[in-house]
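Asker: Taking the working numbering, the leading residue of the sequence shown gets 9, the next gets one more, and so forth.
Can you keep this structure in mind? I'll have questions shortly.
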Amino acid sequence: MFRNERFVLVRFGEEKVAIEIGHLERVVRQPSSRPWLGKGSVRAWCPVDGWLVWILDPPSLFADVPRQASLGREWLIILKANDGLTRMGLFVD
């Protein structure tokens with residue numbers, strides 16, 4: 009059966025990605041983040057409304073985004089999770 013899906017278009021530098029709106033928990037403008045000094049795909053973290061949001065490198069979730077894509081810092085998109093006090097997020101332009 010046909011589903012009426014809605015998407016939001018986000019940009020990582022020059023790369024654009026469509027994300028289904030149902031996968032987004034929240035969008036935060038000008039978040040206050042702290043750098044993550046550990047290894048792996050986590051770039052930073054920030055507290056948002058009682059959650060600890062791990063901010064990831066875009067290529068860790070989207071294979072089409074090149075590793076050198078610039079990370080905007082004006083918007084933070086937080087992805088939905090089933091439960092718990094942590095969420096994953098991405099900086100977008």
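No residue lacks a Cβ here, since even glycine has one placed at the ideal position from N, Cα and C.
Verify whether the separation of the beta carbon atoms of Arg-136 and Glu-33 is less than 8 Å.
Answerer: As shown, the chain starts at 9 and ends at 101. That puts residue 136 outside it, with no answer to give.
Asker: Check whether the region 39 to 57 touches the region 9 to 28, counting contact only when three or more Cβ pairs, one atom from each stretch, lie closer than 8 Å.
Answerer: Segments in contact, no.
Asker: Near Arg-51, what residues of its chain come up, given a Cβ to Cβ distance below 8 Å and the 5 sequence neighbours on each side ignored?
Answerer: Once the five neighbours on either side are set aside, the close Cβ partners of Arg-51 are Pro-43, Trp-44, Ile-63, Leu-64, Asp-65, Leu-79, Phe-99.
Asker: What's the call for Leu-93, buried or exposed, on a 16-neighbour Cβ count within 10 Å?
Answerer: Exposed is the call here.
Asker: In whole angstroms, give me the CA-to-CA distance for Phe-20 and Leu-84.
Answerer: About 12 Å.
Asker: When burial is assigned at 16 or more other CB atoms within 10 Å of the CB, is Pro-39 buried or exposed?
Answerer: Buried, by the Cβ-count rule.
Asker: What is the DSSP secondary structure of Gly-97, reduced to helix, strand or coil?
Answerer: Strand.
Asker: Helix, strand or coil, according to DSSP, for Pro-66 in the structure here?
Answerer: The answer is helix: DSSP assigns Pro-66 an H, G or I state.
Asker: Looking only at its own chain, which residues have a Cβ that is under 6 Å from the Cβ of Val-73, when we skip the five neighbours before and after it?
Answerer: Phe-20, Glu-23, Pro-66, Pro-67.
Asker: Shortest alpha-carbon distance to Arg-37 belongs to which of Arg-14, Ile-29, Val-56?
Answerer: Cα-wise, what sits closest to Arg-37 is Val-56.
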